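Visitor: Under our numbering, residues 305 to 445 are what the sequence shown spells out, in order.
Every residue, glycine too, gets a C-beta built ideally from N, C-alpha and C.
From a predicted model like this one, the values you see are computed outputs, not experimental measurements.
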Amino acid sequence: MTNDETLLLHRAIELAGEAQASGNPPFGSLLADSDGGVLAEERNTSVSDADITAHPELKLARWAARELDPATAAATTMFTSCEPCGMCTGAIERSGLGRVVFALSTEQLTGLKPAATGAGARYEGPALFDEARAAVEGYYQ
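(1) When DSSP labels each residue in this structure, what does Leu446 get in the three-state scheme?
(2) I want to know whether the segment 382 to 397 touches the segment 417 to 427 - three or more CB-CB distances under 8 Å.
(3) In chain order, what residues of the same chain lie with their CB nearer than 8 Å to the CB of Pro329, ignoring the 5 residues before and after it?
(4) Figure out for me which residue from Ser338, Ala438, Glu435 and Thr306 has the closest Cα to the Cα of Thr381.
(5) Would you give the residue range spanned by the beta strand (DSSP E) that Met305 belongs to?
(6) Unbroken alpha helix (DSSP H) runs of length 4 or more, entirely within the segment 335 to 399: which are they?
(7) Quick check on this structure: which residue in Pro418, Pro388, Pro374 and Ala354 has the alpha carbon closest to the alpha carbon of Ala316?
(8) So for Arg403, helix, strand or coil by DSSP?
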């Protein structure tokens, strides 16, 4: 990582602090172009927006998909205070961003949180393959 990239990662961590100061979970991210110019910044606003999906990585991926052509998106780097969750990772992949640099890994973050309680959702499947396939066939050609 270059010195300029380190500064961008520091800024993502500052954005996380700003999110926490406003009563939201402490996560921040920014999107930089191939020259290191900041295109957009976001903070987690899941509490203040009453929206469990208001993660900064997801908001930036949505912005990039809407505002950037594919070649420009592929040349960007997202700098983020923490490794993106599964939801955000999916959005980042679909938006075509080229690179993600994060400060804390998911494992490191988990070590900073109290132990989770509750079993979580149960997932069952696959089921009804033929019917489900019929709804999807032909779309990805």
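Guide: Reading it off the structure:
(1) Only positions 305 to 445 of the chain appear in this structure, which leaves residue 446 out of reach.
(2) By the Cβ test, the segment 382 to 397 is not in contact with the segment 417 to 427, since fewer than three Cβ pairs between them sit closer than 8 Å.
(3) Apart from sequence neighbours up to five positions away, the residues of its chain that approach Pro329 with a beta-carbon distance below 8 Å are Ala323, Asn348, Ser350 and Val351, ordered along the chain.
(4) Ranking Ser338, Ala438, Glu435 and Thr306 by Cα distance to Thr381 puts Ser338 first.
(5) Note, Met305: premise wrong, no beta strand (DSSP E); not H, not E.
(6) Segments of the alpha helix (DSSP H) lying fully in the segment 335 to 399: 360 to 371, 374 to 378 and 390 to 399.
(7) Of the listed residues, the one whose Cα sits closest to Ala316 is Pro388.
(8) Secondary structure of Arg403 (DSSP, three-state): strand.
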